[in-house]
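Residue numbers (the numbering used here): 1 to 343.
No residue lacks a Cβ here, since even glycine has one placed at the ideal position from N, Cα and C.
This structure is a prediction, so every number in the text was calculated from the model and none was measured.
Here's the structure, in structure tokens; my notes come after.
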Amino acid sequence: MCRVGVLDRFRRPLANLRVSVTDRCNLRCHYCMPERDYVWLPRTNILTFEEIERLVDVFVSLGTSKVRLTGGEPLLRKNLPDLIALLAEKPALTDLALTTNGVLLAEQVGALRAAGLPRITVSLDTLKNDRFLALTRFDNLSTVLHGLECAASAGFDSVKIDTVVIRGMNDDELVPILEHGRALGVEVRFIEYMDVGGATQWSMRDVLSREEILRQLASYYGPILPLEERTAAPADRFTLPDGTVFGIISSTTQPFCGQCDRSRLTADGLWYRCLYAPTGTDLRGPLRADANQAELRDLISADWLARDDRGAEDRLASSDRSTLISVETLQGEPHLEMHTRGG
Ligand code: SAM
Ligand code: SF4
Ligand code: SF4
């Protein structure tokens with residue numbers, strides 16, 4: 001297959017695709033799914049694994065080399081290892097990863113590894129049972145921690161912990177979470193709280209900035225040094241005095257839109273060129289109307305060539321940082337939700 005990379009209007013490649021395999025979730029994190037009721041995508045619209053694979057092949061032909069499976073909670077998708085096996089055997093996909101909340105990880109980790117998944121990220125915001133319950137409305141922190149332990153010893157090329165840091169919620173747990181990761185040999189990445197999708201209670205006051213995170217860790221560990229790396233990865237990485245490496249994703253206070261090579265495919269086949277984009281491109285329609293690979297390729301490449309999104313930078317420059325999307329609007333258009341779009 002001919003692989004000609006396509007560049008957008010800021011010369012950013014279409015290198016990185018996040019594929020949401022379901023909009024459903026078994027947790028209700030306060031910063032992502034705070035409501036009681038949600039409008040779910042119709043099941044008949046959810047892409048089959050074969051449909052996802054066909055679209056991934058088109059993306060690969062346009063320069064995509066990295067795919068991350070996400071959701072909702074991806075481990076709720078039945079037979080997910082079958083999709084992983086389809087993707088893992090594509091030589092052009094040099095990076096295949098999955099992000100999970102870890103609830104179902106212990107029972108599935110063997111099948112995920114056997115299917116060829118090389119990298120996994122587990123979201124973990126607290127090590128305290130009562131806090132986990134308050135944050136997610138479910139009392140299963142011990143299950144998540146067990147899943148993480150199983151992943152750490154399952155032979156993945158890389159296991160990471162992602163921690164959304166929210167002032168007054170878990171900003172006193174940076175050191176314990178870093179220590180927990182260190183004990184397991186797992187790199188921790190702290191994520192600034194973002195005003196995306198269901199984060200309707202978001203306020204800049206609740207964001208612990210990258211600078212504050214670094215200050216807090218340096219006051220405990222001593223001098224922290226940045227790792228000199230030139231990548232399009234969202235995390236800036238740092239080393240503690242003993243060499244332990246961790247990351248910070250400062251999407252809110254220091255966005256990295258200038259290097260952003262990421263786009264997102266929802267479980268029902270809408271393609272978004274930015275986390276903040278109000279609308280996406282319907283790929284399911286043409287796919288199910290028997291569009292051939294060349295037609296799909298033309299559709300995707302035309303939209304990527306026209307891409308000029310810099311959503312997080314626009315938000316940072318905006319003088320109005322009140323609620324980005326109202327609950328009513330989210331209920332009318334579930335594709336605006338983070339759990340639908342994939343984190
Ligand atoms: N359910 C899986 C999980 O939680 O890992 C995968 C989907 S989740 C939408 C992907 C990532 O988005 C998670 O690490 C989650 O913490 C992050 N996320 C969700 N809402 C966020 C917000 N408002 N700000 C920053 N990160 C957020
Ligand atoms: Fe939490 Fe992930 Fe579910 Fe959102 S999709 S509620 S971040 S577990
Ligand atoms: Fe990329 Fe949009 Fe996020 Fe900026 S806001 S880093 S352009 S997805």
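If you draw a straight line from the Cα of residue 209 to the Cα of residue 62, it is about 35 Å long. For residue 319, the secondary structure class from DSSP, reduced to helix, strand or coil, is coil. About 11 Å separates the Cβ atoms of residue 241 and residue 220, ruling out a contact at the 8 Å cut-off.
Each of 255, 256, 257, 260, 262, 274, 275, 276, 309, 310, 311 and 312 has a C-beta closer than 6 Å to some heavy atom of ligand 3; these make up the full list, in chain order. Distance from the CA atom of residue 245 to the CA atom of residue 190, rounded to whole angstroms, is 12 Å. In this structure the stretch 78-94 lies against the stretch 113-123, because at least three pairs of beta carbons, one per stretch, are closer than 8 Å. With contact defined as three or more Cβ pairs closer than 8 Å, the stretch 201-216 and the stretch 147-158 are not in contact. The beta carbon of residue 226 is closer than 7 Å to those of 236 and 238 in its chain, skipping five residues each way along the sequence. Here the C-alpha atom of residue 51 lies approximately 12 Å from the C-alpha atom of residue 291. Scanning 139, 72 and 67 for the CA closest to the CA of residue 88 turns up 67.
Residue pairing for residue 16: DSSP places it in a beta bridge opposite 66 and 262. A check of alpha carbon separations from residue 142 across 176, 106, 118 and 161 identifies 106 as the nearest. Between residue 73 and residue 319, the alpha-carbon positions lie close to 34 Å from each other. CA-to-CA, the gap between residue 276 and residue 255 works out to about 12 Å. Between residue 31 and residue 165, the gap from beta carbon to beta carbon reaches 8 Å or more.
In chain order, 200 place their CB closer than 6 Å to the CB of residue 323, counting only its own chain and leaving out the 5 sequence neighbours on each side.
Counting along the chain, the unbroken beta strand (DSSP E) around residue 189 starts and ends at 187-192. Ligand 2 never approaches residue 178 closely enough for any of its heavy atoms to be under 7 Å from the residue's Cβ.
192 is the residue among 206, 229, 192 and 266 whose C-alpha sits nearest the C-alpha of residue 250. Beta-bridge pairing by DSSP links residue 120 to 98 and 159. What you get when you keep residues with a C-beta closer than 5 Å to any heavy atom of ligand 2 is 25, 27, 29, 32, 33, 101 and 339. Taking C-beta separations shorter than 7 Å and ignoring five residues to either side along the sequence, the partners of residue 336 in its chain run 197, 325, 329 and 330, following chain order. The stretch 8-18 and the stretch 171-191 do not touch, with fewer than three beta-carbon pairs separated by less than 8 Å. Within the DSSP secondary-structure output, residue 237 pairs in a beta bridge with 247. Annotation for residue 33: 25, 198 and 339 place their beta carbon closer than 7 Å to its own, counting only its chain and skipping 5 residues before and after. The shortest C-alpha to C-alpha distance from residue 40 to any of 341, 108, 334 and 228 is the one to 334.
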